[in-house]
Amino acid sequence: MSTIPGPAAPASPLPASPAVRTYLNAGHTLRSWLLTRDHKRIAILYALSITAFFVLGGCAAALMRLELVTPQGDLVSADTYNKLFTAHGVIMVWMFLIPSIPSVLGNFLVPLMLGAEDLAFPRLNLMSWYLYVIGGCFTLAALVLGGVDTGWTFYTPFSSMFSHSHVIVTLFGVFIVGFSSILTGLNFIVTVHTMRAPGMGWFRMPLFVWALYATSIILVLATPVLAVTLLLLAAERLFGIGFFDPALGGDPLLFQHLFWFYSHPAVYIMVLPAMGVASEIIPCFARKRVFGYRTMAYAILGIAVIGFLVWGHHMFVSGQSVYANMTFSILSFLVAVPSAIKVFNWTATLYKGSITFEAPMLYALGFVGLFMVGGLTGLFLATLAIDVHVTDTYFVVAHFHYIMVGGAVMAYLGAVHFWWPKISGRRYPETLGRIAALTIFIGFNLTFFPQYILGYEGMPRRYHAYPPEFQALNVVSSLGAAVLAIGYVLPLCYLLWSWFRGEPAGPNPWRATGLEWQTRSPPPTQNFDTPPDGGHDPYDYSRGNE
1 MSTIPGPAAP ASPLPASPAV RTYLNAGHTL RSWLLTRDHK RIAILYALSI TAFFVLGGCA
61 AALMRLELVT PQGDLVSADT YNKLFTAHGV IMVWMFLIPS IPSVLGNFLV PLMLGAEDLA
121 FPRLNLMSWY LYVIGGCFTL AALVLGGVDT GWTFYTPFSS MFSHSHVIVT LFGVFIVGFS
181 SILTGLNFIV TVHTMRAPGM GWFRMPLFVW ALYATSIILV LATPVLAVTL LLLAAERLFG
241 IGFFDPALGG DPLLFQHLFW FYSHPAVYIM VLPAMGVASE IIPCFARKRV FGYRTMAYAI
301 LGIAVIGFLV WGHHMFVSGQ SVYANMTFSI LSFLVAVPSA IKVFNWTATL YKGSITFEAP
361 MLYALGFVGL FMVGGLTGLF LATLAIDVHV TDTYFVVAHF HYIMVGGAVM AYLGAVHFWW
421 PKISGRRYPE TLGRIAALTI FIGFNLTFFP QYILGYEGMP RRYHAYPPEF QALNVVSSLG
481 AAVLAIGYVL PLCYLLWSWF RGEPAGPNPW RATGLEWQTR SPPPTQNFDT PPDGGHDPYD
541 YSRGNE
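Heads up: the sequence shown is residues 1 to 546, going by my numbering.
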């Protein structure tokens, strides 16, 4: 494995001058942006929106970590702490993690990767962004009015009968955002089926498109279940109809089954696009064709299918039958197989490659490493005896964040860095990009690895006070959160700077092989000046190794 200097940008014309029409200069008014039907501009609108929500969710997490520096609850009250972790969970899951890669990178890249001029339904695409913003505003309104104390899972009967916080407003916000996800998924599915460039068969598509296609199927099939569940919860809370409250003839386990039938596939809504990102970045910076392309594509579909069958592993201690527990345990082990296939294929792609360590590659390798830790500890939680011991402890918190933050967020940042020259037409400072990637990786492990130990030793989650013997590891975790925050602020600063002052990137600074790199940077409004040929191998890096 060599560490040769990174691929230099080939001689190429400077980014298009203002006289050349690109998606960025095709109208400068606010109206031109808010009424746009250009998938690339809608991706930028999504990026701005989810960044704002990421900052809000991060602030809630920072306050929680400050509270947990000392064993006593001496910063915020127990009730305020409950509202903080609910706000953090609701915002990060539904306002950032689920829409981040599909709605930002997917919107921008899917038509470019397929050689299409736009998504199949441009107006529907814009409508999905407006639904996202409206749903987010409802969630923000709940926070301003006093917050919600149910946790992001809204477990009944507390959320339906006993909580005195603004549950209905929050439910309505999540309900609306769900429709945004459905419209986005529907748009991607139709685009993949009907708008591929001439010559692009199913097995000529980039793996990123495969990942978004599988994700879209989950979005379209699973999100309506969440919508119905939230409506039933609202009906019970508003009208006293007994769906989940035992006092009214309902069953609280029914809520858990319905909620996790959506929410476990939602994990793959967050992770599958991240896998697609890694499958684009690793071959590029290893200068090798991706190993086992068809196997990778089938593994993506396998994860999407099996992901619908394992929701019950969230309920091992809820009182469901031991036979159901055994079945869900076996299925949870089974879903690890296609995930492991992808890790093996990424490793084989790296083997004997001409590897260079630019910032996108560091993020992609960080994703693979952290996802492996999260996935392996997921097998612990799929084991009945261990799950009983660590349920509702910080072990679960650490596992979830290794998958979601260590996986999805690392991949999102890797994707932003990889395609930033295409999005903006400019380069970011590479040294700062590498420093940020390493800072985030170190800060993340400092934050969440101690939580595995805390959870195994018995520290329960969702408490603002704890026994003194847990303080040392909590201090390390809070210190790591500070390092992680610095790592997140760095890209925000230098990417914003590079948007206005960065060096011109040229059309293909990474010497990548996808169709999106065969057009100008930033792309023209119609994406391509001449119709592209979709019949080539999307990972033909053989000439890069000659």
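Built from N, CA and C at the ideal position, the CB exists for glycine as well.
A quick note: this is a predicted structure, and the numbers were derived from the prediction, not measured.
Distance between beta carbons of residue j and residue i, contact taken as under 8 Å
i    : j    : result
P524 : T153 : With 8 Å as the limit, P524 and T153 do not qualify as a contact, their Cβ atoms being about 45 Å apart.
F418 : P360 : 4 Å
W420 : Y428 : 6 Å
A274 : A437 : About 15 Å; that fails the 8 Å criterion.
F96  : G147 : That belief does not hold up - the Cβ atoms of F96 and G147 are roughly 18 Å apart, past 8 Å.
Y293 : Y541 : Not a contact, Cβ separation roughly 12 Å.
G240 : L248 : 6 Å
L331 : V310 : 5 Å
T150 : V177 : So it is not a contact: roughly 17 Å between Cβ atoms.
G307 : V335 : 6 Å
V368 : L381 : Their Cβ separation, rounded to whole angstroms, is 20 Å, which puts V368 and L381 out of contact at 8 Å.
F344 : S279 : Between S279 and F344 the Cβ distance is about 13 Å, and since that is not below 8 Å, they are no contact.
Closest residue to residue i among the options (Cα-Cα distance)
i    : options                   : result
F400 : A415, G374 and F380       : G374
P468 : A481, L454, R462 and T447 : L454
S498 : R426, H314 and L84        : R426
I423 : V290, G407 and G106       : G106
I300 : G201, K342 and M410       : K342
I134 : I355, D387 and S49        : S49
F54  : G89, F162, Q451 and P509  : G89
L75  : A482, P507, H464 and N527 : H464
D571 : S159, F96 and H313        : Nothing about residue 571 can be read from this structure; the chain reaches only from 1 to 546.
L520 : H264, P507 and V190       : The question names Leu, but residue 520 is Arg in the sequence shown. Nearest C-alpha to R520: P507.
K288 : F333, L350 and T295       : L350
A227 : M275, V174 and M127       : V174
F172 : L484, Y541 and L233       : L233
A120 : L186, V104, S163 and G307 : L186
L496 : T51, R31 and D38          : T51
V405 : T356, L334 and Y488       : Y488
G480 : E503, T36 and G443        : G443
G250 : A235, G369 and F261       : A235
H314 : H264, Y268, V277 and S321 : H264
Q526 : G73, E117 and M92         : E117
S318 : T391, I303 and S354       : T391
G433 : S77, L490, L238 and R196  : L490
A340 : A47, T295 and P522        : T295
F441 : A364, R123, A505 and H39  : A364
L258 : Y213, F243 and L145       : F243
M92  : L238, V69, A61 and V104   : A61
M113 : I282, R511 and W210       : W210
L183 : T139, A142, P102 and V337 : P102
F108 : A415, L143 and L376       : A415
I403 : I269, S128 and V110       : I269
S354 : S321, M326 and A286       : A286
P338 : M372, G302 and M326       : G302
Bridge partner(s) assigned by DSSP for residue i
i    : result
P460 : T393
P538 : Answer is none; P538 lacks a bridge partner.
P504 : R426
Segment limits, alpha helix (DSSP H) that includes residue i
i    : result
L552 : In this structure the chain extends from 1 to 546, so residue 552 is not present and cannot be described.
A78  : A78 to V90
G307 : Neither: G307 is in no alpha helix (DSSP H) and is coded neither H nor E.
A382 : A359 to A382
K288 : From DSSP, K288 is part of no alpha helix (DSSP H); its letter is neither H nor E.
I341 : V322 to L350
L140 : P122 to L145
N554 : Residue numbering for the chain in the displayed model covers 1 to 546; residue 554 lies beyond these limits and cannot be assessed.
G178 : V167 to T194
Minimum Cβ-Cβ distance from residue i to chain B less than 8 Å
i    : result
G433 : Of the protein chains in the structure, only one exists, and it is not chain B.
Residue i CB to nearest heavy atom of the ligand COA below 7 Å
i    : result
T513 : Looking for the ligand COA in the displayed structure turns up nothing, as the structure carries no ligands at all.
Query - Uninterrupted alpha helix (DSSP H) stretches inside the stretch 198-242 (no shorter than 4 residues) - result: 207-239
**Report entry** Every unbroken alpha helix (DSSP H) within the stretch 29-54, with a cutoff of 4 residues, ordered by chain
**Finding:** 30-34
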